[in-house]
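K.L.:
Numbering (our numbering), first residue to last: 115 to 215. First the structure, then my questions, so here it is.
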Ligand code: FES
């Protein structure tokens, strides 16, 4: 796992984008549980990071496609499409993501 941010630096209900190994990854804090997805929407490769979050759904800010934050699954238009997910932990030493350095 690699450290990406200080502990508690992403507030509940918020998301933040990181660039790790040349990949854009968005980390979400949903009720103090942390999730991470590839940032780029499958529609037109724009980042989902600053989209509206409702419960565990993120709405892409560009054209309103929706993804389940917990699974990465696209919820409209196309079947069996998902963004890659990563394990994330908020520990006393910081926020860590499970990805090869
Ligand atoms: S780029 Fe996300 S909905 Fe179009």
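We put the beta carbon where it would ideally sit given N, CA and C, even for glycine.
1) Please work out which residues of its chain come closer than 8 Å, Cβ to Cβ, to residue 150, disregarding the five sequence neighbours upstream and downstream, and give them in chain order.
2) Since I believe residue 127 is in contact with residue 167 (beta carbons under 8 Å), could you give me their beta-carbon distance rounded to a whole number of angstroms?
3) If the criterion is Cβ atoms closer than 9 Å, does the pair residue 209 and residue 134 meet it?
4) What residues come near the ligand FES, if near means a beta carbon less than 7 Å from any of its heavy atoms?
5) So if DSSP puts residue 92 in a beta bridge, which residue, or which two residues, is it bridged to?
P.N.:
For this structure:
1) Taking the chain shown and counting its residues from 1, one reaches residue 150 at position 36. Answer for residue 150: 139, 140, 141, 142, 199, 200, 201, 202 and 211, listed in chain order.
2) Sequence index remark: in the chain shown, residue 167 carries index 53 (1-based). Sequence index remark: in the chain shown, residue 127 carries index 13 (1-based). Between residue 127 and residue 167 the Cβ distance is about 6 Å, and since that is below 8 Å, they are a contact.
3) Here residue 209 is taken as the residue at index 95 of the chain shown, counted from 1. Here residue 134 is taken as the residue at index 20 of the chain shown, counted from 1. Not closer than 9 Å, so no.
4) 155, 157, 158, 159, 160, 162, 174, 176, 177, 178 and 179
5) A query on residue 92 cannot be resolved here, the shown segment of the chain reaching from 115 to 215 and no further.
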